[in-house]
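Novice:
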Amino acid sequence: MLLIDVVRVSEAVTRTSARLGKIGHLAESLGRVGADEAEIAISYLSGELPQRQVGVGWRGLQDLPSPKLAATATLTDVDALLSKIKAVSGQGSQAARKTLVTQLFAGLTSQEQAFMLKLLGGELRQGALDGVMIEAIAKASGAPSADVRRALTLRGWLPAVGAAALAGGVERLRAFKLEVGRAVSPMLAGSVPQVAAALEKAGTPAALEWKLDGIRVQAHRSGTEVKVFTRTLDDITAQIPELVEAMLALPVDDLVLDGEVIALRPDGRPHPFQVTAARTRSRIDVARLREQTPLHVFFFDALRVGGADLLDLPYAERQAILATTVPPGLLTPRLVTSDVTAATEFFTDVIKAGHEGLVVKSLTSPYAAGRRGAGWIKVKPRHTLDLVVLAAEWGHGRREGKLSNLHLGARDPDTGGFVMLGKTFKGLTDELLAWQTERFLELATGPADEWTVPLRPELVVEIAFDGVQRSPRYPGGMALRFARVLRYRPDKRAEDADTVETVRSLML
DNA sequence: TTCCGACAGTGGGGTCGCAAT
DNA sequence: ATTGCGACCCCACTATCGGAA
Numbered sequence: 001m002l003l004i005d006v007v008r009v010s011e012a013v014t015r016t017s018a019r020l021g022k023i024g025h026l027a028e029s030l031g032r033v034g035a036d037e038a039e040i041a042i043s044y045l046s047g048e049l050p051q052r053q054v055g056v057g058w059r060g061l062q063d064l065p066s067p068k069l070a071a072t073a074t075l076t077d078v079d080a081l082l083s084k085i086k087a088v089s090g091q092g093s094q095a096a097r098k099t100l101v102t103q104l105f106a107g108l109t110s111q112e113q114a115f116m117l118k119l120l121g122g123e124l125r126q127g128a129l130d131g132v133m134i135e136a137i138a139k140a141s142g143a144p145s146a147d148v149r150r151a152l153t154l155r156g157w158l159p160a161v162g163a164a165a166l167a168g169g170v171e172r173l174r175a176f177k178l179e180v181g182r183a184v185s186p187m188l189a190g191s192v193p194q195v196a197a198a199l200e201k202a203g204t205p206a207a208l209e210w211k212l213d214g215i216r217v218q219a220h221r222s223g224t225e226v227k228v229f230t231r232t233l234d235d236i237t238a239q240i241p242e243l244v245e246a247m248l249a250l251p252v253d254d255l256v257l258d259g260e261v262i263a264l265r266p267d268g269r270p271h272p273f274q275v276t277a278a279r280t281r282s283r284i285d286v287a288r289l290r291e292q293t294p295l296h297v298f299f300f301d302a303l304r305v306g307g308a309d310l311l312d313l314p315y316a317e318r319q320a321i322l323a324t325t326v327p328p329g330l331l332t333p334r335l336v337t338s339d340v341t342a343a344t345e346f347f348t349d350v351i352k353a354g355h356e357g358l359v360v361k362s363l364t365s366p367y368a369a370g371r372r373g374a375g376w377i378k379v380k381p382r383h384t385l386d387l388v389v390l391a392a393e394w395g396h397g398r399r400e401g402k403l404s405n406l407h408l409g410a411r412d413p414d415t416g417g418f419v420m421l422g423k424t425f426k427g428l429t430d431e432l433l434a435w436q437t438e439r440f441l442e443l444a445t446g447p448a449d450e451w452t453v454p455l456r457p458e459l460v461v462e463i464a465f466d467g468v469q470r471s472p473r474y475p476g477g478m479a480l481r482f483a484r485v486l487r488y489r490p491d492k493r494a495e496d497a498d499t500v501e502t503v504r505s506l507m508l
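In full-length UniProt numbering, the protein residues as written are 1 to 508.
In structure tokens form, the structure reads like this:
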């Protein structure tokens, strides 16, 4: 199949707003693709590369050669070149990489170039990713979408699942099994602001578990072989020897467990997330790092124990098996209750212990990939501050032409000025977006650059956030984590905004 | 007819490893 | 030695579609 065919389908999908229409376009093209190119087509049309990443980002895509006139590149051609680029990037030669990128784009028409730019930049924006592609695969192959989803959970990579479905329909899909050593798509959680609401959604009794602010891990053991995967299915086995040892110490030698690793202080309280992140990303001299900053693992689910697959069991049963498999010290603290008061107390306890919040889980739900908000619901406390809008940035995509991203500042009584604490674009409705664009342009003090409009510091906005973290970037040495807009405060003036001292007192 | 679950889009801060400067 | 880039950890929220109620 030619790349141009895929590009035309992507363009049609982008133009079509109805989801069923998008699915129709995608399914039609999957019906035409050959078996040897199915994985590539599915990959590209769901916005990813078969290589996952090739070491080329926006910077490596500057100064591209002029386009060809005739579209002759096949999917196989393009895929082979991308594999070469990935290999060269791995060896670290920027010049060789640039040569290959130039070669790739020199073989494409302007239409194809535009597509590959978006694909490599991870910004396809055609309104269809995995969720829509699952339905398209189902439609093209004649298999129920539930079977496609199920296979995706077990295999962890949609193009392989799609190619199998196109080649052999539902039978091939049902042949996918959990394989120890190969990552499974992890189950995700939705979120609500209150414990009571979470209980209601999950159904009672529900399991309440401590939410630890660390790194999600999926640990596999087959005999003496252990592998550890992150939420996005990257292999981080080498970075976490503590977890490897913990897995090998278990009395069962064929298992897959789900949990969280986190760096704890000697007193058992958690380090800031940044400490855990740094530890789990470091690959050099891990032996020394683990002495300074040991990682602890807390398991909360069992997908396979002693050769038995547990994914389809209700959570309560998986939990019971987990509890007999791992020692109590490695289990995530939990409480099973129907009582809102008891649940609220448990929430208070976990916050007092310095952790992030709770995950409320239905006792009856099976282990299902991707589906946020179904069986697992997280609850976290929310802080708020009244901050001043210092500047705004022009938005992209559906926010083009709107001032979108806000620069937030706290008042500094010593200087009479404001100290920037970060940015946010979250929480804005279309109406608010339109209003603020108009209002900001009245307050503009002149464009600083192409993207940012500095403002007279007059507007006060109420911001919700999860915490204050140490920042190497911002002048006050601190930044807000997960800041989002709650509402504007027209009743407040900049002089009424919260101060840097208030913010500093929240940083621990 | 209304409601609501799932999905995609729009970006945020921090950190590491590596190549170029 | 420092800087910039790519990748990947953590992530919240709104708009929209279409099936469920």
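A virtual CB, placed ideally from N, CA and C, is assigned to each residue, including glycine. In this text the structure is predicted, and so the values were computed from the model without any measurement.
From this set, 240, 268, 451, 78, which residue's C-alpha is nearest residue 51's C-alpha?
Specialist: In the first sequence, the residue the question calls residue 51 occupies position 51. When only C-alpha atoms are compared, the closest one is 78.
Novice: How big is the Cα-Cα spacing for residue 109 and residue 103?
Specialist: In the first sequence, counting from the first residue as 1, residue 109 sits at position 109. In the first sequence, counting from the first residue as 1, residue 103 sits at position 103. Approximately 13 Å, taken between the alpha carbons.
Novice: Around the Cβ of residue 34, are there at least 16 other Cβ atoms within 10 angstroms (buried) or fewer (exposed)?
Specialist: On the first sequence, residue 34 is found 34 positions in, with the first residue counted as 1. It counts as exposed.
Novice: Go ahead and label residue 402 buried or exposed: buried means 16 or more other beta carbons lie within 10 angstroms of its beta carbon, across all protein chains shown.
Specialist: Position 402 of the first sequence holds residue 402. Its Cβ being crowded by 16 or more others within 10 Å, residue 402 is buried.
Novice: Just how far apart, CA to CA, sit residue 87 and residue 43?
Specialist: Here residue 87 corresponds to residue number 87 of the first sequence, with the count starting at 1. Here residue 43 corresponds to residue number 43 of the first sequence, with the count starting at 1. Approximately 19 Å, taken between the alpha carbons.
Novice: What runs of the alpha helix (DSSP H), each 4 residues or longer, lie entirely inside the region 246-273?
Specialist: Counting only runs of 4 or more, we get nothing.
Novice: Output needed for residue 97: all residues of its chain with C-beta closer than 8 Å, excluding positions within five of it in sequence on either side, in chain order.
Specialist: By one-based count along the first sequence, residue 97 stands at place 97. Taken in chain order, the residues that qualify are 55, 56, 60, 85, 88, 89.
Novice: Given residue 81, which residues of its chain have a CB within under 6 Å of its CB, disregarding the five upstream and five downstream residues?
Specialist: Translated into the one-based positions of the first sequence, residue 81 becomes position 81. Excluding positions up to five away in sequence, the list reads 104.
Novice: Out of 327, 391, 177, state which residue places its alpha-carbon closest to the alpha-carbon of residue 448.
Specialist: As a position in the first sequence, residue 448 is number 448, starting the count at 1. Selected option, being the one with the closest Cα: 391.
Novice: What separation, rounded to the nearest whole angstrom, lies between the Cα atoms of residue 65 and residue 396?
Specialist: Within the first sequence, the letter at position 65 stands for residue 65. Within the first sequence, the letter at position 396 stands for residue 396. When rounded, the distance between both Cα atoms is 25 Å.
Novice: Can you give me the C-alpha to C-alpha distance between residue 346 and residue 261, rounded to a whole angstrom?
Specialist: On the first sequence, residue 346 is found 346 positions in, with the first residue counted as 1. On the first sequence, residue 261 is found 261 positions in, with the first residue counted as 1. The straight-line gap from Cα to Cα measures roughly 21 Å.
Novice: Which runs of the beta strand (DSSP E) spanning at least 3 residues fall entirely within the region 436-495, listed in chain order?
Specialist: Listed in chain order, they are 452-454, 460-465, 467-470, 478-481, 484-488.
Novice: Please state the DSSP three-state secondary structure of residue 292.
Specialist: Here the question's residue 292 lines up with position 292 in the first sequence. Helix, per DSSP.
Novice: Measuring only the C-alpha atoms, how far is residue 136 from residue 122?
Specialist: Position 136 of the first sequence, counted from the first residue, corresponds to residue 136. Position 122 of the first sequence, counted from the first residue, corresponds to residue 122. Approximately 21 Å between the Cα atoms of the pair.
Novice: Helix, strand or coil: how does DSSP classify residue 365 here?
Specialist: Walking along the first sequence from the start, residue 365 turns up at place 365. Looking at residue 365 - three-state DSSP - the assignment turns out to be coil, as it is neither helix nor strand.
Novice: CB-CB under 7 Å to residue 486, same chain, minus the five flanking residues each way: which ones, in chain order?
Specialist: Within the first sequence, numbered from 1, the residue matching residue 486 stands at position 486. Once the five neighbours on either side are set aside, the close Cβ partners of residue 486 are 384, 427, 462, 463, 464.
Novice: What did DSSP end up calling residue 191 once you bin it into helix, strand or coil?
Specialist: In the first sequence, the residue the question calls residue 191 occupies position 191. Reduced to three states, the DSSP call for residue 191 is strand.
Novice: Mind checking residue 211: buried by the 16 CB within 10 Å criterion, or exposed?
Specialist: As a first step, residue 211 is located in the first sequence; it is residue number 211 there, counting from the start. Under this definition residue 211 is a buried residue.
Novice: Look at the alpha carbon of residue 206 and the alpha carbon of residue 237, and state the distance between them as a whole number of angstroms.
Specialist: In the first sequence, residue 206 corresponds to position 206, counting from 1. In the first sequence, residue 237 corresponds to position 237, counting from 1. Whole-angstrom Cα-Cα distance: 32 Å.
Novice: Are the region 235-253 and the region 282-292 touching, with three or more C-beta to C-beta distances below 8 Å?
Specialist: With the cut-off at 8 Å, the region 235-253 and the region 282-292 touch.
Novice: Does the pairing of the region 139-155 with the region 189-209 give three or more beta-carbon distances under 8 Å?
Specialist: Short answer: they don't touch.
Novice: Where does residue 4 sit, in a helix, a strand or coil, going by DSSP?
Specialist: Numbered from its first residue, the first sequence carries residue 4 at position 4. In the structure shown, residue 4 sits in a helix (DSSP, three-state: H, G or I).
Novice: Quick one: give me the first and last residue of the beta strand (DSSP E) that residue 420 is part of.
Specialist: Numbered from its first residue, the first sequence carries residue 420 at position 420. Run containing residue 420: 417-424, per the beta strand (DSSP E) assignment.
Novice: So, residue 359 versus residue 440, is the Cβ gap smaller than 9 Å?
Specialist: Residue 359 sits at position 359 when you count from the first residue of the first sequence. Residue 440 sits at position 440 when you count from the first residue of the first sequence. Going by C-beta atoms, residue 359 is not nearer than 9 Å to residue 440.
Novice: Just to confirm, are residue 216 and residue 256 a CB contact at a threshold of 9 Å?
Specialist: Position 216 of the first sequence, counted from the start, is the residue given in the question as residue 216. Position 256 of the first sequence, counted from the start, is the residue given in the question as residue 256. No, these two residues do not count as a Cβ contact at 9 Å.
Novice: Confirm, please, whether the CB-CB distance from residue 213 to residue 513 is below 9 Å.
Specialist: No answer is possible for residue 513: the residues shown for the chain start at 1 and end at 508.
Novice: If you measure from the CB of residue 387, is any heavy atom of the ligand SAH nearer than 8 Å?
Specialist: For the structure depicted, the ligand SAH is absent and the ligand set is empty, with no information on it obtainable.
Novice: Compute the beta-carbon to beta-carbon distance between residue 421 and residue 476, rounded to the nearest angstrom, for a pair I have assumed lies under 8 Å.
Specialist: The residue you call residue 421 lines up with position 421 of the first sequence. The residue you call residue 476 lines up with position 476 of the first sequence. Going by Cβ atoms, the distance from residue 421 to residue 476 rounds to 7 Å, so yes, they are a contact pair.
Novice: Tell me, which residues are paired with residue 301 by DSSP?
Specialist: The residue you call residue 301 lines up with position 301 of the first sequence. Paired residue(s): 258.
Novice: So what does residue 220 bridge to, in DSSP terms?
Specialist: Locating residue 220 in the first sequence gives position 220, counting from the first residue. Answer by DSSP bridge pairing, in chain order: 227, 256.
Novice: Please identify the residue among 191, 492, 433, 316 whose C-alpha is closest to the C-alpha of residue 406.
Specialist: Residue numbering aside, residue 406 sits at position 406 when the first sequence is read from its first letter. Residue 433 is the option with its Cα nearest to residue 406.
Novice: Check whether the Cβ atoms of residue 143 and residue 167 sit closer than 9 Å, and answer yes or no.
Specialist: Position 143 of the first sequence, counting from 1, holds the residue named residue 143. Position 167 of the first sequence, counting from 1, holds the residue named residue 167. Their beta carbons are not under 9 Å apart, which means residue 143 does not touch residue 167 by this criterion.
Novice: Is it true that the CB of residue 302 sits closer than 9 Å to the CB of residue 325?
Specialist: As a first step, residue 325 must be located in the first sequence, where it is residue number 325. As a first step, residue 302 must be located in the first sequence, where it is residue number 302. Their beta carbons are under 9 Å apart, which means residue 325 touches residue 302 by this criterion.
Novice: How far does the beta strand (DSSP E) with residue 411 in it reach, from first residue to last?
Specialist: In the first sequence, residue 411 corresponds to position 411, counting from 1. Unbroken beta strand (DSSP E) run through residue 411: 403-412.
Novice: Can you tell me where the alpha helix (DSSP H) with residue 25 in it begins and where it stops?
Specialist: By one-based count along the first sequence, residue 25 stands at place 25. 19-30 is the extent of the alpha helix (DSSP H) around residue 25.
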